[in-house]
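Chains as they are written, first to last, in the working numbering: chain H, 32 to 445; chain V, 175 to 446.
Each residue gets a CB set at the ideal place from its N, CA and C atoms; glycine is no exception.
Nothing here was measured: the structure is a model prediction, and the numbers come from that model.
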């Protein structure tokens, strides 16, 4: 049975400032005269969105800024009404939309717990049974009778999260709230979300830019772009698709601005090109898992450089540095005169699992290892499962395949 | 309409908690705390008493300070419920954009807050009456009914006003000013008996006198204040003839005001 059913949901907003009374009056006159009225430009935040969610599903909603994620959640939480289409939600909805909405700075932590709980629909009695747990989870026992305005930002966010996740509802709506507090607390929040989701079998809608988190928590992911559902399916497929799309966007952005983001250079050298090629030197945009490839770097040296070291690295599109390799041990480059060069680095048995990755490059010169050039996100490429080196289901997750083999169980005598 | 009341019953606890929040926030860091709630009627009473000593307003056999205080109580309750109610929706922008519950809660919360302040005023009133040696009669049992009726009057304004205020903030600015002027069109500084005397008996406005009186009585507060004073000092039950024009006005306007609010409500989060 579907708990949430969204059919052809469209939401339009009017662009520009609010109409003035004068405009309204003019429009009324025009309407009376039978002339067309002045209309403000309209903007579709959601465009013909349809999907349905079954009980117990954990849905991730991802998309770039302005894709309509929050607008969608607002509709599900009944905060706003659609321009057309319909939504049916069966069961109670607890919004986690922005932790700590409705906190009052002048009230103490304890008072705010009561206030926030009753805003979320808990009775005083229910709050009483939960308050100890909330205080304990937020780790604010000492400060609970101090006004919130004296709290650090981390403290109030912790309290907000503790309150928000203590609400019992059939459907939880989470908008970008998991990244709160220090690392230890983030871990705790994450565990709590996982408990809510996995053990209590709640239906959860999760909006986040942290794709790794989404693909870990969710059973299904919906990708929105400019108000439309672009993809709706298993997390891995949809998240990879999202990575690709963002990469393309990043690429066009950086090409358009010509000023590369994440590039530092002293102008002593220009990077003309960097790409991957197969062993025969042909440029490729997709790499077969565990095949041999070369990183090719074309450079123009403007000033003479000595003691040059190159380093190439592979990182994910969200800048998790996976591996690097330096040239210093393989070849000592004493002098590099003005001119253009092609530098190659062979990568044997490419170790990363299928997905989208990117290259980074660093160049240092001199005995002091002065940084001459550094850039990341320079070349995006795909890793695909190869014909002979297929990826077995046992190594599907993560970034690298382990060279491992399980053995048959043996009995041990104590 | 039935579902509305059912809804409100479900949310009664939230209304109380939000009202408590308003009061707590307002008086938390104030040394005098809730005493400030009665400062306004007390000061106005003193000023009016001073003015009265120059211009001479006939208050019959009831001491003027008590009479004017008893008029100020429902008036201030009405005025502040309405003007705070009008601003209440906009004041809770953060909540409106995040969480759904029936939005009419906000004007109601503003009113509940004022209800508590009205309760405190009763303590002062009791003190004043004791000072002048006045004994209330059983007719004070009418007071809750009169106050409930005052709430309807305030809601008529605050529901419509708060919805308009979301679109045009002029409402929130204008209404308090208009209402404070309106006080002089209500029998606050002078008793209603004076108006009756002038218009109905002396026919001071000639042929227009009776019409003018009816128009005057269309203001629900005219009837309310008179009934309030009557129940307190004259051992009277509310006079239906005095209250009728105002009641008709509210009976027509309140549903309209509520409907407008409910229609506008769906766009609050988008526009606010």
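Element boundaries [alpha helix (DSSP H), containing residue i]
i             : result
residue 193/H : 184-195
residue 156/H : 155-169
residue 244/H : 242-248
residue 228/V : 213-229
residue 409/H : Premise fails: residue 409/H lies in the beta strand (DSSP E), 401-415, not in any alpha helix (DSSP H).
residue 346/V : 344-356
residue 62/H  : 52-64
residue 429/V : 414-439
Buried or exposed (CB count within 10 angstroms, at least 16 for buried), residue i
i             : result
residue 296/V : exposed
residue 115/H : exposed
residue 370/H : exposed
residue 333/H : exposed
residue 403/H : buried
residue 374/H : buried
residue 106/H : buried
residue 195/V : buried
residue 238/H : buried
residue 219/V : buried
residue 365/V : buried
residue 343/V : exposed
residue 277/V : buried
residue 266/H : buried
residue 397/H : exposed
residue 189/H : buried
residue 249/H : buried
residue 287/V : buried
residue 233/H : buried
residue 258/V : buried
residue 325/V : buried
Run of the beta strand (DSSP E) containing residue i, from where it starts to where it stops
i             : result
residue 388/H : 386-396
residue 82/H  : 73-85
residue 303/H : 300-308
residue 117/H : 115-120
residue 146/H : Note, residue 146/H: premise wrong, no beta strand (DSSP E); alpha helix (DSSP H) at 140-150.
residue 360/H : Residue 360/H -> no beta strand (DSSP E), and no H or E assigned at all.
residue 256/H : 251-256
residue 332/H : 324-332
residue 319/H : 317-319
residue 93/H  : 89-93
DSSP three-state assignment for residue i, whether helix, strand or coil
i             : result
residue 376/H : strand
residue 146/V : As shown, chain V starts at 175 and ends at 446. That puts residue 146/V outside it, with no answer to give.
residue 355/H : strand
residue 267/H : helix
residue 36/H  : strand
residue 383/H : strand
residue 239/H : coil
residue 178/H : strand
residue 297/H : coil
residue 346/H : strand
residue 380/V : helix
residue 206/H : strand
residue 448/V : Residue 448/V is absent from the model: chain V starts at 175 and stops at 446.
residue 337/H : strand
residue 110/H : coil
residue 228/H : helix
residue 44/H  : strand
Chain-order list of residues whose beta-carbon lies under 8 Å from that of residue i (same chain, five-residue window excluded)
i             : result
residue 177/H : 139, 140
residue 415/H : 317, 318, 319, 320, 385
residue 280/H : 95
Residues near residue i by beta carbon distance below 6 Å, same chain, minus five either side
i             : result
residue 358/H : 340, 341
residue 273/H : 93, 254
residue 439/V : 277
residue 355/H : 342, 344
Whole-angstrom C-beta distance between residue j and residue i, which should lie under 8 Å
i             : j             : result
residue 76/H  : residue 102/H : 4 Å
residue 197/V : residue 299/V : Incorrect: roughly 20 Å between the Cβ atoms, too far for contact.
residue 281/V : residue 336/V : 5 Å
residue 388/V : residue 419/V : 6 Å
residue 316/V : residue 248/V : Wrong, their Cβ atoms sit about 12 Å apart, outside the cutoff.
residue 323/H : residue 310/H : 5 Å
residue 411/H : residue 387/H : 6 Å
Close-in-space but distant-in-sequence residues of the same chain around residue i (CB under 7 Å, 5 per side omitted)
i             : result
residue 306/V : 237, 240
residue 330/V : 424, 427, 428, 431
residue 392/V : 419, 420, 423
residue 147/H : 133, 134, 194
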